[in-house]
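No gaps in the numbering here: position 5 of the sequence shown is 4 in numbering that gives the first Met the number 0, and each next residue is one more. Data block below; observations after.
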Amino acid sequence: MSAGGVVHLDPSSAVFGAMLEGWATQQRAWFLKDNTIGPRLELVRRFAAFTNQYPWQWESAEAEAFITRSPVAVSTARNYQVTLRLFCGYAASPLRVGGPVPGAVRVSAAAVPG
0 MSAGGVVHLD
10 PSSAVFGAML
20 EGWATQQRAW
30 FLKDNTIGPR
40 LELVRRFAAF
50 TNQYPWQWES
60 AEAEAFITRS
70 PVAVSTARNY
80 QVTLRLFCGY
90 AASPLRVGGP
100 VPGAVRVSAA
110 AVPG
């Protein structure tokens, strides 16, 4: 439920959106620029679309399939791995202010190869 008693029609999508928004905010706090943050968010969205799952449902096999099916240079594939690991680390971290992101119980940085 959100402000004013409005119920989300798709709460999983709302949680995923909040996760991405929170991660973007964290990266800005690290003084990263939008030209770094934007492509990272887009990659996470592309990976979610590839798996047709939300982060708390991801398994390492999906990350491996995504990376191996992407026709990119090795350096780009490594960048994908790092980006997905950073996002999963953010989502699963109990050390964040306010605790872990809702729904992050199954998200694990270990789920991303690299």
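Note that beta-carbon positions come from the ideal geometry of N, C-alpha and C, so glycine has one too. What you are looking at is a predicted structure, and each value in this text was computed from that prediction instead of being measured.
Is residue i helix, strand or coil when you go by DSSP?
i	result
R84	helix
A109	Low confidence applies here, because A109 scores a pLDDT of 45, under 50, leaving its location unreliable and the question unanswered by this model.
V78	Note that residue 78 corresponds to Asn in the displayed sequence, not to Val. N78: helix per DSSP, three-state reduction.
L42	helix
G102	With a pLDDT of only 47 at G102, under the threshold of 50, the placement of this residue in the model should not be trusted; the figure read from the coordinates follows. It is coil, neither helix nor strand.
W57	coil
S69	coil
A30	According to the sequence shown, residue 30 is Phe rather than Ala. Looking at F30 - three-state DSSP - the assignment turns out to be coil, as it is neither helix nor strand.
Let's test the definition: count the other Cβ atoms within 10 Å of the Cβ of residue i and tell me whether it reaches 16, buried, or not, exposed.
i	result
W29	exposed
L31	exposed
V73	exposed
T82	buried
E61	buried
Report the CB separation of residue i from residue j in whole angstroms; it is logged as a contact under 8 Å.
i	j	result
A48	I36	A48 to I36, Cβ: 19 Å. No contact.
M18	A91	That belief does not hold up - the Cβ atoms of M18 and A91 are roughly 10 Å apart, past 8 Å.
Taking CB distances under 7 Å as the criterion, tell me whether residue i reaches chain C.
i	result
P38	Absent here is chain C; the protein component of the structure consists of one chain.
* To do: Would you check if there are 3 or more beta carbon pairs closer than 8 Å linking the region 25–42 to the region 75–86?
  => Yes, they touch.
* So, do the region 44–55 and the region 8–22 have three or more beta carbon pairs nearer to each other than 8 Å? -> yes
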